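Working notes for the structure below.
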Amino acid sequence: MDAVRRQPGRAGDEAGPGLCRRAAGAVTDTPEETLARLVAEVRACRVCAPHLPLGPRPILHVSATARVLIASQAPGTKVHEKGISFWDASGDRLRNWLGLDKAVFYDSSRLAIMPMGLCYPGRLPQGGDCPPRPECAPIWRDRVLALMPDIRLTLLIGTYAQAHVLGAGPMTGRVREFRSYLPRYFPLPHPSWRTEVWERRNPWFTTEVLPALKAEVACALDMST
Numbered sequence: 208m209d210a211v212r213r214q215p216g217r218a219g220d221e222a223g224p225g226l227c228r229r230a231a232g233a234v235t236d237t238p239e240e241t242l243a244r245l246v247a248e249v250r251a252c253r254v255c256a257p258h259l260p261l262g263p264r265p266i267l268h269v270s271a272t273a274r275v276l277i278a279s280q281a282p283g284t285k286v287h288e289k290g291i292s293f294w295d296a297s298g299d300r301l302r303n304w305l306g307l308d309k310a311v312f313y314d315s316s317r318l319a320i321m322p323m324g325l326c327y328p329g330r331l332p333q334g335g336d337c338p339p340r341p342e343c344a345p346i347w348r349d350r351v352l353a354l355m356p357d358i359r360l361t362l363l364i365g366t367y368a369q370a371h372v373l374g375a376g377p378m379t380g381r382v383r384e385f386r387s388y389l390p391r392y393f394p395l396p397h398p399s400w401r402t403e404v405w406e407r408r409n410p411w412f413t414t415e416v417l418p419a420l421k422a423e424v425a426c427a428l429d430m431s432t
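When the sequence shown is numbered by my numbering, its final residue is 432 and no position is left out of the sequence of numbers.
Next up, the structure:
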C-alpha cells in the first residue's frame with residue numbers, strides 16, 4: 208500500500224537549497240491518485256492477450272473510499288463491449304438482490320467492482336463462459352485491495368471468487384451458511400439466468416438470504432434507516 212513519495216533533494220545538490228526545501232516539503236500522493244495510477248497500469252495489462260478471443264479489456268470500478276466490494280468472476284461479452292461491469296441481465300438480477308438502483312450500484316466511491324478475471328475469457332466448447340484467467344487475480348488483486356482500506360463488506364459472487372478467497376468448497380453450502388462469513392464476506396451465487404433454477408430448488412435463498420443481504424449492504428453503505 209506504500210504511496211509513491213517524491214524524493215527530496217539532498218544538501219549539496221546542484222539544484223540549490225531553495226529547491227531542496229521545496230522538495231523536502233512535498234507531500235505524498237493522495238490514496239486516490241495512487242490508486243488511479245495503479246488502475247491505469249491494470250488497464251494497460253496484456254499478460255493474457257494470447258488467450259483472450261476478444262482481446263484484452265480489463266474492466267474494474269474501484270475507489271479508495273468504497274465501502275462494499277463486489278468480487279465477481281469475469282466479464283461477459285456485453286460487459287466487454289460496453290466496458291461497464293454487470294451491464295446485462297445478470298446485473299439487473301444482482302441489483303435486485305442487493306436492493307440498489309443503478310445510481311448507487313455504479314457509484315464507485317461507495318461500491319467497488321473487481322472480478323477475479325478482469326477481461327472476457329472466451330467460451331467453453333460445451334457452452335458457457337470460460338473460467339477467469341488464472342494469471343489475473345494473483346497479479347492485480349492484492350495490489351488494488353491494499354489501496355481500498357475502507358471496504359467493510361465483500362460480496363463473493365460465484366464459485367471462482369469464493370474459491371480464491373475462502374479456498375475450495377461447495378457454493379450452495381457457503382451461501383446457506385452465509386452468517387458464518389460475516390461481517391467481512393457474504394458468499395452468493397452468480398446472478399446468471401441459470402440461477403433461476405437454483406433459486407427454485409433452494410427457496411431459503413429468497414426467504415432468508417436476500418433480506419439479510421439487503422440489510423448488510425445497506426449497513427455497510429450507511430443507508431440503513
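We treat Cβ as the ideally placed atom computed from N, Cα and C, and that holds for glycine. Here the structure is a predicted model, which means the values were calculated and not measured.
> What does DSSP give as the partner residues of residue 361 in its beta bridges?
Replying inline: As a beta-bridge residue in DSSP terms, residue 361 pairs with 276 and 392.
> Would residue 319 pass as a contact of residue 269 if the rule is Cβ separation under 9 Å?
Replying inline: Yes. Within cutoff.
> Would you call residue 308 buried or exposed, if buried means 16 or more other Cβ atoms sit within 10 Å of its Cβ?
Replying inline: With fewer than 16 Cβ atoms within 10 Å of its Cβ, residue 308 is classed as exposed.
>> Less than 7 Å between C-beta atoms, sequence neighbours within five positions excluded: which residues of the same chain meet that for residue 405?
In response: Answer for residue 405: 396, listed in chain order.
>> In chain order, what are the residue ranges of uninterrupted beta strand (DSSP E) at least 3 long that sit wholly in the stretch 275–348?
In response: If we require 3 residues or more, the beta strand (DSSP E) runs fully inside the stretch 275–348 come out as 275–278 and 318–320.
> When burial is assigned at 16 or more other CB atoms within 10 Å of the CB, is residue 350 buried or exposed?
Replying inline: Residue environment: residue 350 is assigned as exposed (fewer than 16 neighbouring CB atoms within 10 Å of its CB, all protein chains considered).
>> Could you compute how far the alpha carbon of residue 375 sits from the alpha carbon of residue 341?
In response: Cα to Cα, the separation comes out at about 15 Å.
>> Tell me the rounded alpha-carbon separation between residue 413 and residue 291.
In response: Distance between the alpha carbons of residue 413 and residue 291 is about 27 Å.
> Is the beta carbon of residue 367 sitting closer than 9 Å to the one on residue 264?
Replying inline: No, the Cβ-Cβ distance between residue 367 and residue 264 is not below 9 Å.
>> Is it the case that the stretch 323–339 contacts the stretch 269–280, given that we only count it when at least three CB pairs across the two stretches are under 8 Å?
In response: Yes, since at least three Cβ pairs between the stretch 269–280 and the stretch 323–339 fall closer than 8 Å, the two stretches touch.
> Tell me, which residues are paired with residue 268 by DSSP?
Replying inline: Answer is 320, bridged to residue 268.
>> So within the stretch 377–431, which uninterrupted alpha helix (DSSP H) runs reach at least 4 residues, ignoring any that extend past its ends?
In response: The stretch 377–431 contains these whole alpha helix (DSSP H) runs: 378–383, 402–408 and 417–427.
> Rounded to a whole number of angstroms, what is the C-alpha to C-alpha distance between residue 239 and residue 407?
Replying inline: Distance between the alpha carbons of residue 239 and residue 407: 43 Å.
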